[in-house]
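Participant: Below are the structure tokens for one structure; questions will follow.
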Amino acid sequence: EAAVTQSPRNKVTVTGGNVTLSCRQTNSHNYMYWYRQDTGHGLRLIHYSYGAGNLQIGDVPDGYKATRTTQEDFFLLLELASPSQTSLYFCASSGGGETLYFGSGTRLTVL
Amino acid sequence: GEQVEQLPSSLIVQEGASVLINCSYTDSASVYFPWYKQEPGKRLQFIIDIRSNMERKQNQRLTLLFDKKTKHLSLHITATQPGDSAIYFCSAWLSGSFNKLTFGAGTRLAVCP
């Protein structure tokens, strides 16, 4: 099974803080995604990428930046964190087919 | 853009019962519909899918029905077990959407022994 590793598992920051969430996949997948999961909203797509250096805007991009430095690594950046960004964040990858492989999630709390 | 709605938002059943989870989508250009399961504290995992040229697909105790005309799907789980307790997500893949999935809000299923 595809391996997608997220770090950290939990993160607490303050309003205005700077946060970076990391995701690494080791299956040579081209596509990587960042979703946030909130009760009542399901998973909402923040940003995604189809390869190193590529970035596509998702459905809820405001307040987030992302960077795909290599085929394996995809980062989500919150430069001025706000309480509304308190959420469970999932990274996922796919090889160009339609099945997504998810990481275990990062729980972010912004105080 | 595509919107996916799931109902009910939560279900509580006794072990052995059958359950039905409904899903509807808005964009007739969506062509592929994977479902994912998220057990408590765990990552989402793919469980079953269907394409827009199909009407029914079965995988053991899971049956997925698709009605293209009404833009509606339903997931039927028979003989439920406590291990089926999870959040179930419907999703829709829009043709030409550059590999982007839109998810429903999820249905939280609790199976009591």
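So the protein lines, in turn, are chains D and G. Its first residue numbered 108, the first sequence is counted upward by one per residue in this note's numbering. Its first residue numbered -16, the second sequence is counted upward by one per residue in this note's numbering. A virtual CB, placed ideally from N, CA and C, is assigned to each residue, including glycine. Note that the structure is predicted; figures quoted are calculated from it, not measured.
At a Cβ threshold of 8 Å, is D169 (chain D) touching chain G?
Facilitator: Answer no: the Cβ-Cβ gap between D169 (chain D) and chain G never drops below 8 Å.
Participant: Any contact of the segment 163 to 175 of chain D with the segment 137 to 151 of chain D, i.e. 3+ C-beta pairs under 8 Å?
Facilitator: A contact exists between the segment 163 to 175 of chain D and the segment 137 to 151 of chain D.
Participant: By the criterion of Cβ-Cβ separation under 8 Å, what are the contact partners of Y71 (chain G) in chain D?
Facilitator: Here the premise fails: no neighbours, minimum Cβ distance about 11 Å.
Participant: With DSSP collapsed to three states, give me the class of G149 (chain D).
Facilitator: Reduced to three states, the DSSP call for G149 (chain D) is strand.
Participant: DSSP has K97 (chain G) in a bridge; who is on the other side?
Facilitator: The requested residue 97 (chain G) does not occur in the structure, where chain G is confined to residues -16 to 96.
Participant: For K52 (chain G), is the classification buried or exposed, using 16 other Cβ atoms within 10 angstroms of its Cβ as the cut-off for buried?
Facilitator: Exposed: under 16 other Cβ atoms inside 10 Å.
Participant: Report, in whole angstroms, the separation of the C-beta atoms of K40 (chain G) and S11 (chain G), which I expect to be a contact under 8 Å.
Facilitator: Their Cβ separation, rounded to whole angstroms, is 20 Å, which puts K40 (chain G) and S11 (chain G) out of contact at 8 Å.
Participant: Flag this pair as yes or no: are the beta carbons of L47 (chain G) and A69 (chain G) separated by less than 8 Å?
Facilitator: No, they are not a contact pair.
Participant: CB E(-15) (chain G) to CB L58 (chain G), shorter than 8 Å?
Facilitator: The answer is no: Cβ separation not under 8 Å.
Participant: Where does I(-5) (chain G) land, buried or exposed, given buried means 16+ other C-beta within 10 angstroms?
Facilitator: Classification for I(-5) (chain G): exposed.
Participant: Less than 8 Å between CB atoms is the rule here; does P105 (chain G) satisfy it with respect to chain D?
Facilitator: Since the first and last residues shown for chain G are -16 and 96, residue 105 (chain G) lies out of range.
Participant: To be precise: take each residue of the segment 24 to 49 of chain G, compare its Cβ to all Cβ atoms of chain D, and keep it if any distance is under 8 Å. Which residues remain?
Facilitator: Of all residues in the segment 24 to 49 of chain G, K25, R26, L27, Q28, F29 and D32 have a Cβ within less than 8 Å of some Cβ in chain D.
Participant: Does the Cβ-Cβ distance between F49 (chain G) and M37 (chain G) come in under 8 Å?
Facilitator: Going by C-beta atoms, F49 (chain G) is nearer than 8 Å to M37 (chain G).
Participant: Anyone know if the C-beta pair for C6 (chain G) and L84 (chain G) falls short of 8 Å?
Facilitator: In this structure, L84 (chain G) does not lie closer than 8 Å to C6 (chain G) by Cβ.
Participant: Less than 8 Å between the CB atoms is what I'm expecting for G160 (chain D) and N137 (chain D), so what's the real figure, rounded?
Facilitator: That pair is no contact at about 12 Å.
Participant: Applying a beta-carbon distance threshold of less than 7 Å, which residues of chain D neighbour K83 (chain G)?
Facilitator: Result: L152 and Y155.
Participant: Quick check on this structure: which residue in G:T63, G:F86, G:G89 and G:Y71 has the alpha carbon closest to the alpha carbon of G(-1) (chain G)?
Facilitator: Considering only alpha carbons, the answer is G:T63.
Participant: Is there a Cβ from chain D that is less than 8 Å from the Cβ of G66 (chain G)?
Facilitator: So, not an interface residue.
Participant: Is any beta-carbon of chain G found at less than 8 Å from that of H136 (chain D)?
Facilitator: No, no contact with chain G.
Participant: In chain order, what residues of the same chain have a beta carbon less than 6 Å from the beta carbon of N42 (chain G), not counting five sequence neighbours either side?
Facilitator: Contacts found: I31.
Participant: Check whether chain G comes within 8 Å of S189 (chain D), counting only Cβ atoms and requiring the distance to be less than that.
Facilitator: Closer than 8 Å: no.
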